[in-house]
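Peer 1:
Numbering (the numbering used here), first residue to last: 525 to 773.
As structure tokens, this is what we get:
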């Protein structure tokens with residue numbers, strides 16, 4: 525929480541993190557909007573069984589100030605050696621990154637984990653009734669988390685009255701880094717829907733993703749029909765459809 529702007533507008537905020545004490549934005553950091561108030565940060569690419577140090581930061585015209593430092597130790601990670609649809613880290617393996625995918629690392633196994641069941645059979649994408657954009661424009665694999673953070677930073681957390689907030693609130697397997705998949709991430713779930721299981725596969729079985737679709741007058745968001753694979757942009761204020769959360773490994 526940024527409670528005081530120090531006499532100048534906050535132009536950047538987030539957390540700085542690293543394996544040494546007193547991390548700064550000259551190293552690894554997140555960018556989580558501007559202004560005072562509550563914000564959400566998510567760290568990725570962490571090494572297992574490692575101590576990390578984290579400090580919130582805020583930047584205004586006078587410089588950058590840091591909050592109190594906290595630390596945590598990551599879990600020991602057991603490398604995945606199974607297949608699509610296998611149970612792993614709180615859900616079902618939904619996709620394994622291939623060469624050419626964003627985030628692919630040769631010799632390592634990474635991908636997407638889907639929740640074992642839907643988080644909703646009918647929920648809206650946008651809970652405040654406005655047509656303002658959320659900055660959730662990422663479509664490719666690896667952008668769903670940033671999209672989700674952008675939506676939550678605009679619409680508020682905690683909240684289970686809209687798709688991204690509901691996905692983030694999910695804690696399957698004890699994990700708290702679930703998010704609403706991007707357009708391409710959701711399509712991977714559609715392709716592997718039978719192996720993953722638990723999806724609605726009847727006509728009009730639409731699922732939200734976290735990618736918004738901007739028109740000149742209205743702001744829509746993308747969703748996908750798991751009956752036939754069709755992708756379409758729907759009114760994010762009034763259209764209430766399914767949600768299935770994912771996380772990355």
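Glycine included, each C-beta is placed from N, C-alpha and C at the ideal position.
Count the other C-beta atoms from every protein chain shown that fall within 10 angstroms of the C-beta of residue 672, then say buried if there are 16 or more, exposed otherwise.
Peer 2: buried
Peer 1: Use the C-beta contact count for residue 754: other C-beta atoms within 10 angstroms, 16 or more gives buried, fewer gives exposed.
Peer 2: exposed
Peer 1: Here's the rule I'm using: 16 or more other beta-carbon atoms within 10 Å means buried, otherwise exposed. How should residue 666 be labelled?
Peer 2: buried
Peer 1: DSSP three-state label for residue 720, please.
Peer 2: Reduced to three states, the DSSP call for residue 720 is helix.
Peer 1: Looking at residue 688: is its Cβ nearer than 8 Å to the Cβ of residue 713?
Peer 2: no
Peer 1: Mind checking which residues open and close the alpha helix (DSSP H) that includes residue 647?
Peer 2: Where residue 647 is concerned, there is no enclosing alpha helix (DSSP H), although the beta strand (DSSP E) it sits in stretches over 644-647.
Peer 1: Distance check for residue 588 and residue 544, CA to CA, integer angstroms please.
Peer 2: Cα to Cα, the separation comes out at about 19 Å.
Peer 1: Using the DSSP secondary-structure output, state which residues sit across from residue 738 in a beta bridge.
Peer 2: 743
Peer 1: Where residue 634 and residue 760 are concerned, what is the direct C-alpha to C-alpha distance, given to the nearest angstrom?
Peer 2: Here the alpha carbons of residue 760 and residue 634 stand approximately 31 Å from one another.
Peer 1: Distance check for residue 638 and residue 575, CA to CA, integer angstroms please.
Peer 2: Cα to Cα, residue 575 sits roughly 27 Å from residue 638.
Peer 1: Taking the C-alpha atoms as reference points, what is the distance between residue 603 and residue 567?
Peer 2: 19 Å
Peer 1: Pull up the DSSP beta-bridge partners for residue 664, would you.
Peer 2: Beta-bridge pairing by DSSP links residue 664 to no other residue.
Peer 1: Does the contact criterion of 3 or more C-beta pairs under 8 Å hold for the region 532-543 versus the region 551-560?
Peer 2: yes
Peer 1: Which residues in the same chain as residue 747 place their Cβ atom closer than 7 Å to its Cβ, once the five residues preceding and following it in sequence are excluded?
Peer 2: 730, 731, 732, 733, 756, 758 and 765
Peer 1: So what's residue 475 in DSSP terms, helix, strand or just coil?
Peer 2: For the chain, the structure presents residues 525 to 773; residue 475 sits outside this window and is missing.
Peer 1: If you follow the alpha helix (DSSP H) that residue 715 is in, where does it begin and where does it stop?
Peer 2: 707-715
Peer 1: Taking the continuous beta strand (DSSP E) assigned at residue 636, which residues delimit it?
Peer 2: Its beta strand (DSSP E) spans residues 635-638.
Peer 1: Taking the alpha carbon of residue 594 as the reference point, which residue from 745, 581, 606 and 586 has its own alpha carbon closest?
Peer 2: 581
Peer 1: Could you please give the first and the last residue of the uninterrupted beta strand (DSSP E) stretch that includes residue 729?
Peer 2: In the DSSP assignment, residue 729 falls outside any beta strand (DSSP E) and carries neither an H nor an E.
Peer 1: Classify residue 711: buried if its beta carbon has 16 or more other beta carbons within 10 angstroms, exposed otherwise.
Peer 2: buried
Peer 1: Name the residue from 601, 598, 600 and 579 whose alpha carbon lies nearest to the alpha carbon of residue 592.
Peer 2: Measuring from the Cα of residue 592, the nearest candidate turns out to be 579.
Peer 1: Where does residue 602 fall in DSSP's three states?
Peer 2: coil
Peer 1: Straight-line CA distance for residue 509 to residue 629?
Peer 2: Since the first residue of the chain shown is 525 and the last is 773, residue 509 is not available in this structure.
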